[in-house]
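Here's the structure we're looking at; comments come further down.
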Amino acid sequence: MELLNHLALGFSTALSMQNLLYAFIGCLLGTLIGVLPGLGPVATMSMLLPATFTLQPTAALIMLAGIYYGAQYGGSTTAILVKLPGESSSVVTVLDGHEMARRGRAGIALTTAAVGSFFAGTVGTLVIAAFALPLASVALSFGPPEYFALMVVGLIGSIVLASGSVLKAIAMVVLGLSLGLVGTDTQSGVERFTFDTEELVDGLNFVAVTMGVFGLAEIIANLEKHGSVGSEITRVSTLFPTREDWRRMWPAILRGTGIGTVLGIFPGGGPVISSLTSYLVERRVSKNPEEFGKGAIEGVAGPESANNAAAQISFIPMLTLGIPSNIVMAMMAGAMMMHSIQPGPQVMTRNPELFWGLIASMWIGNVMLLVLNLPLVGIWVRFLTIPYRFLYPAIIVFCCIGVYSVNNTVFDIFQAAFWGVVGYGFLKLKLEPAPMLLGLILGPMMEENFRRALVLSRGDFGIFVSTPVACTFLVLAAILLVVLASPALRKKREVAFREEDPA
Amino acid sequence: MTDTPASGEPRGGSRTNIRDQIAGMLFVLLGAAIAYKARSYTVGPPSNSGAGFFPFYLGLLLVGLGVAITAVASFKHDPDAERFSMHPRTFLGVLLPVVIFGITLVPAGLVLSAFIAVMLSSYASPEVTFRGALLNAAVLSVIVLVGFAMILGIQIPVWPNVLIEWLR
Numbered sequence: 001m002e003l004l005n006h007l008a009l010g011f012s013t014a015l016s017m018q019n020l021l022y023a024f025i026g027c028l029l030g031t032l033i034g035v036l037p038g039l040g041p042v043a044t045m046s047m048l049l050p051a052t053f054t055l056q057p058t059a060a061l062i063m064l065a066g067i068y069y070g071a072q073y074g075g076s077t078t079a080i081l082v083k084l085p086g087e088s089s090s091v092v093t094v095l096d097g098h099e100m101a102r103r104g105r106a107g108i109a110l111t112t113a114a115v116g117s118f119f120a121g122t123v124g125t126l127v128i129a130a131f132a133l134p135l136a137s138v139a140l141s142f143g144p145p146e147y148f149a150l151m152v153v154g155l156i157g158s159i160v161l162a163s164g165s166v167l168k169a170i171a172m173v174v175l176g177l178s179l180g181l182v183g184t185d186t187q188s189g190v191e192r193f194t195f196d197t198e199e200l201v202d203g204l205n206f207v208a209v210t211m212g213v214f215g216l217a218e219i220i221a222n223l224e225k226h227g228s229v230g231s232e233i234t235r236v237s238t239l240f241p242t243r244e245d246w247r248r249m250w251p252a253i254l255r256g257t258g259i260g261t262v263l264g265i266f267p268g269g270g271p272v273i274s275s276l277t278s279y280l281v282e283r284r285v286s287k288n289p290e291e292f293g294k295g296a297i298e299g300v301a302g303p304e305s306a307n308n309a310a311a312q313i314s315f316i317p318m319l320t321l322g323i324p325s326n327i328v329m330a331m332m333a334g335a336m337m338m339h340s341i342q343p344g345p346q347v348m349t350r351n352p353e354l355f356w357g358l359i360a361s362m363w364i365g366n367v368m369l370l371v372l373n374l375p376l377v378g379i380w381v382r383f384l385t386i387p388y389r390f391l392y393p394a395i396i397v398f399c400c401i402g403v404y405s406v407n408n409t410v411f412d413i414f415q416a417a418f419w420g421v422v423g424y425g426f427l428k429l430k431l432e433p434a435p436m437l438l439g440l441i442l443g444p445m446m447e448e449n450f451r452r453a454l455v456l457s458r459g460d461f462g463i464f465v466s467t468p469v470a471c472t473f474l475v476l477a478a479i480l481l482v483v484l485a486s487p488a489l490r491k492k493r494e495v496a497f498r499e500e501d502p503a
Numbered sequence: 001m002t003d004t005p006a007s008g009e010p011r012g013g014s015r016t017n018i019r020d021q022i023a024g025m026l027f028v029l030l031g032a033a034i035a036y037k038a039r040s041y042t043v044g045p046p047s048n049s050g051a052g053f054f055p056f057y058l059g060l061l062l063v064g065l066g067v068a069i070t071a072v073a074s075f076k077h078d079p080d081a082e083r084f085s086m087h088p089r090t091f092l093g094v095l096l097p098v099v100i101f102g103i104t105l106v107p108a109g110l111v112l113s114a115f116i117a118v119m120l121s122s123y124a125s126p127e128v129t130f131r132g133a134l135l136n137a138a139v140l141s142v143i144v145l146v147g148f149a150m151i152l153g154i155q156i157p158v159w160p161n162v163l164i165e166w167l168r
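These protein sequence lines are chains A and B, in that order.
All residue numbers for the first sequence refer to the working numbering, where the first residue is 1 and numbers rise by one.
All residue numbers for the second sequence refer to the working numbering, where the first residue is 1 and numbers rise by one.
As structure tokens, then:
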């Protein structure tokens, strides 16, 4: 019953005119950038973050969330129609989605993806609503050692998302943690690593770092790759699947949703791994596996459901524990902090209308996306024909304006340029920036909990092992690390990342 | 691509992964620098740790990881060694406008700065003609003026200082 009350509060918040409008804008923008090649949700969110300052926190978060799942929908549209995964989570959709399109079934593939995503999104939203409360109450009982251990799990988990060497990804996490310590130490008031620069006293500007490392470095990479827009845009015929299609689609959607829901909970699990796992499962359980890669509808239904379920579920760690599990969630956490809301279990009790409003808006957003995507698919395809040479100058300028307006200081623009250089270096050295950014966000929190735990135990490191919950988390982190380093999984990760690997 | 790859990176037959070796050594250097700098703050015992405690050990950890990465890289070869290329033109064409925008924004205002940045950024892509860049710059300056300054109402200098003085 309590849950129903909460959901009622959520819907009444999310259904206000203003919040509906921002959810719509978010979904629209998300779809747009999902369709536009070379512009991801992270860059877009960091560009728009400053613009959300003037909004109420609830509206701001609703809009940012809309961008996130909107991009998932848009990304699959391009994957199916032009063989270009707009987002990394749609990489496997290309395999069968585009094959379906080539066989004149583009419309059916799009409907399959949309229906699957919608169903998975609905289930995901319900799961968040059901689990948020119990999880948060558990989290409230956590002390410093538990939190520290939990963050270790989160950071190790973020490595799953990184392609390439596990060692390099861990090094990036540690580098990020160190960068997070720049600025005033909250406990002693000492200014650290600021090099007497006044602008660094409050720490590195997260938006500037993200924009440089993702936004600017990505533009350089895209321009170097050259000619990124595919030529064969498929025509969309009928949108309606046949009875036979529905019959084959449903089990795949159910399995995909299940896989996404389970894998989405794990830190770093994320949409990419879920969609890949779902594809492999579908191929295994299918009676005619030879159809896969030749336009099997299950190959679209499963992964598309899985990535959307996982995208929704990945909100759970951020909303209930305050620990972002991927870079988009880190942006959301950053947005909360800019509105002076500390992400964590207390959000639910202190800002219930924000918490439940956001959850309700996810479902509303999924409805909007269903409506936005299918009938308007012709318009979205049109955007694909915009040449990148007209887009990237706009992205550069928007990035500059966005980063300036965070603190109204020109210094941050230079900071973004600096991180652009660094990000380009990362690209060339094949260092994944996402784990570093998670480290950057978690650095101060991790240090605080680490030091407080040691004060509690009077300097005994045993506190991390003697506390049962903390010990469990650390063991989990260790297992995760071993699994990640195992050769079998590495091969699978290589397959997953091969398609999106920039040189 | 009219740019020629500027750097002659190793042939595919190389026995070590140079890319990872460089990365590993960079981590060693960075880690050492972090640990060294952290020493200038109070490190203290674990029971009463100071501002330098956490960064000091993070720095050491980074050094260790860097050594490990370099070591592993010395026995593995880089499957993509041949794909290593640099395009200074693209690099400069994207980052220079950002720096210039930062320099011009306060004295020259948003509209002019955006115009200049877009013009400069056209250098990054050989496909952009001068006329195309002019058109793009003009359109974007208007979008920026209307979208950011008027609709979103972001606090930002819009017009050149000189112009404002002169109009007064």
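Beta carbons are placed, not taken as given, at the ideal position from N, Cα and C, and that holds for glycine.
These numbers were taken from a predicted model, which means no experiment stands behind them.
- The C-beta of Pro145(A) comes no closer than 7 Å to any C-beta of chain B.
- A direct Cα-Cα distance of roughly 15 Å separates Ile100(B) from Ala124(B).
- In the DSSP annotation of this structure, Ser125(B) is not part of any alpha helix (DSSP H), being labelled neither H nor E.
- With contacts defined as CB atoms closer than 7 Å, Ala333(A) and Gly302(A) fail to qualify as a contacting pair.
- Taking C-beta separations shorter than 7 Å and ignoring five residues to either side along the sequence, the partners of Leu7(A) in its chain run Ala129, Trp356, Ala360, following chain order.
- For Asp20(B), the uninterrupted alpha helix (DSSP H) segment begins and ends at 18-38.
- Counting along the chain, the unbroken alpha helix (DSSP H) around Arg350(A) starts and ends at 346-350.
- For the 7 Å CB-CB criterion, Leu263(A) and Ala217(A) do not form a contact.
- For Thr184(A), the three-state secondary structure derived from DSSP is strand.
- In the DSSP assignment, Arg192(A) is bridged to Gly183(A).
- Look at Phe54(B): its C-beta is under 7 Å from a C-beta on chain A.
- Looking only at Val35(A), Arg103(A), Gly26(A), Leu29(A), the smallest Cα-Cα distance to Lys294(A) is reached by Arg103(A).
- If you draw a 10 Å sphere on the C-beta of Arg168(B), you find fewer than 16 other C-beta atoms in it, and that means exposed.
- Contact annotation: in the segment 321-335 of chain A, no residue has its CB less than 9 Å from a CB in chain B.
- Inter-segment contact for the segment 391-406 of chain A and the segment 43-52 of chain A is present: three or more beta-carbon pairs are separated by less than 8 Å.
- Residue burial annotation: Leu21(A) is exposed, with fewer than 16 other C-beta atoms found within 10 angstroms of its C-beta.
- DSSP places His6(A) in the helix class (H, G or I) of the three-state scheme.
- At the C-beta level, Glu165(B) and Arg389(A) stay beyond 7 Å of one another.
- Residue contact with chain B for Arg452(A): absent (no Cβ-Cβ distance below 7 Å to any residue of chain B).
- Excluding the 5 residues flanking it on each side, Val201(A) has same chain C-beta neighbours closer than 8 Å at Gly183, Thr184, Glu191, Thr194, in chain order.
- Leu55(A) carries a coil assignment under DSSP once its states are collapsed to helix, strand and coil.
- Ranked by Cα distance from Phe315(A), the options Leu135(A), Phe398(A), Asp196(A) are led by Leu135(A).
- Under the three-state reduction of DSSP output, Ala296(A) falls in the coil class, being neither helix nor strand.
- In this structure, the beta-carbon distance from Gly40(A) to Met63(A) does not fall below 7 Å.
- Under the 7 Å criterion on CB atoms, Ile386(A) is classed as non-interfacial with respect to chain B.
- Considering only Leu481(A), Asn308(A), Val92(A), Gly378(A), the residue with the shortest C-alpha distance to Gly70(A) is Asn308(A).
- At a cut-off of 7 Å between beta carbons, Ile151(B) makes no contact with chain A.
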